[in-house]
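Trainee: Residue numbering for the sequence shown follows this note's numbering, starting at 113 and increasing by one per position. We put the CB at the ideal spot given by N, CA and C, even for glycine. Here's a structure for you.
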Amino acid sequence: MEIQRSETIDHARRTRFYGAMIDSEYLEKGKTYGELPDVYIIYISETDLWKAGYTVYPVKKYFENTALNYVDGQYISYVNAEVDDGSETAKLMKYFKTADPNDMTHGELSKRVHYLKCEEGGYEEMCEVSEKIYREGIEDGRISGLKEGRKEGWLESQKETAKNLFEMGMSADTIAQALKVSVKLVQEWLSGSTSPAR
Numbered sequence: 113m114e115i116q117r118s119e120t121i122d123h124a125r126r127t128r129f130y131g132a133m134i135d136s137e138y139l140e141k142g143k144t145y146g147e148l149p150d151v152y153i154i155y156i157s158e159t160d161l162w163k164a165g166y167t168v169y170p171v172k173k174y175f176e177n178t179a180l181n182y183v184d185g186q187y188i189s190y191v192n193a194e195v196d197d198g199s200e201t202a203k204l205m206k207y208f209k210t211a212d213p214n215d216m217t218h219g220e221l222s223k224r225v226h227y228l229k230c231e232e233g234g235y236e237e238m239c240e241v242s243e244k245i246y247r248e249g250i251e252d253g254r255i256s257g258l259k260e261g262r263k264e265g266w267l268e269s270q271k272e273t274a275k276n277l278f279e280m281g282m283s284a285d286t287i288a289q290a291l292k293v294s295v296k297l298v299q300e301w302l303s304g305s306t307s308p309a310r
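So, in structure tokens, the structure goes:
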């Protein structure tokens, strides 16, 4: 399940990608395709992505020339919080948008939201989860930064080596071969260098 806020992406292809990712997780080497479980993808958006005025858009697959159903075990539904057709799903979408802790119309979900937002233990639990997510984000950023820093350091080292080799009289082609990079990249690095003394 994903709750999508952006309208600028290709939602159908994104859903296809999610299905492929799920399938690849479940189909291990040596297993048959028949062992793939049925997959239900529920794609929730704030707006009516398809602009046809429905709360729910179930996707059906069929053979075009016969209209026979094509059953591949993947079931997709797009649900939006913009259209209120009076259905239970529309009411739930409205609840998702507000998450009003005093609205107790959605059973266990309402009780949990009330607990997390209004009761001392729930508020503390929500703060702990938020802190954990924050710390994980910081750690992910740190790891990404280290990787990026290493890459930049490596490139800077390669650039300096290329300049030194060029000043020793080596051609851009030979430098590229030695450093295992493209000639174009070597030429970019050398664009600020002076010609070698021969």
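(1) Any idea if arginine 310 is buried or exposed, counting beta-carbon neighbours within 10 angstroms, 16 or more meaning buried?
(2) Output needed for phenylalanine 208: all residues of its chain with C-beta closer than 7 Å, excluding positions within five of it in sequence on either side, in chain order.
(3) Could you give the uninterrupted runs of the alpha helix (DSSP H) lying entirely in the region 281-307, keeping only those of 4 residues or more?
(4) Which partner residues of asparagine 181 appear in the DSSP bridge assignment?
(5) Please tell me whether valine 168 has its Cβ less than 8 Å away from any Cβ of chain B.
(6) Could you give the first and the last residue of the continuous alpha helix (DSSP H) run that contains glutamate 260?
(7) Take valine 293 as the anchor and find which of Glu279, Glu268, Gly281 and Glu237 has the nearest alpha-carbon.
(8) Select from Ile255, Ile134, Asn177 and Ser157 the residue whose C-alpha is nearest the C-alpha of glycine 185.
(9) Measure the C-alpha to C-alpha separation of alanine 288 and valine 298 and round it to an integer number of angstroms.
(10) Among residues of its own chain, excluding the 5 on either side of alanine 290, which ones have a beta-carbon nearer than 6 Å to its beta-carbon?
(11) Between the beta-carbon of tyrosine 187 and the beta-carbon of tyrosine 130, is there less than 8 Å?
Mentor: Result, derived from the coordinates:
(1) In this prediction, arginine 310 has a pLDDT of 39, which is less than 50 and means its spatial position is unreliable; nothing more can be read from the coordinates.
(2) If we look at phenylalanine 208 and ignore the five residues flanking it on each side, its Cβ neighbours are Ala193.
(3) Those alpha helix (DSSP H) runs which fall completely within the region 281-307 and span 4+ residues are 284-291 and 295-302.
(4) According to DSSP, which records beta bridges pairwise, asparagine 181 is partnered with Tyr174.
(5) The chain inventory of the structure shown lacks chain B, comprising one protein chain alone.
(6) Element bounds for glutamate 260: 232-279.
(7) Of the candidates Glu279, Glu268, Gly281 and Glu237, the one whose C-alpha sits nearest the C-alpha of valine 293 is Glu268.
(8) Shortest Cα-Cα distance from glycine 185 to any of Ile255, Ile134, Asn177 and Ser157 involves Ile134.
(9) In a straight line, the C-alpha of alanine 288 is about 6 Å away from that of valine 298.
(10) If we look at alanine 290 and ignore the five residues flanking it on each side, it has no Cβ neighbours.
(11) Contact check for tyrosine 187 against tyrosine 130 fails: the beta carbons are separated by 8 Å or more.
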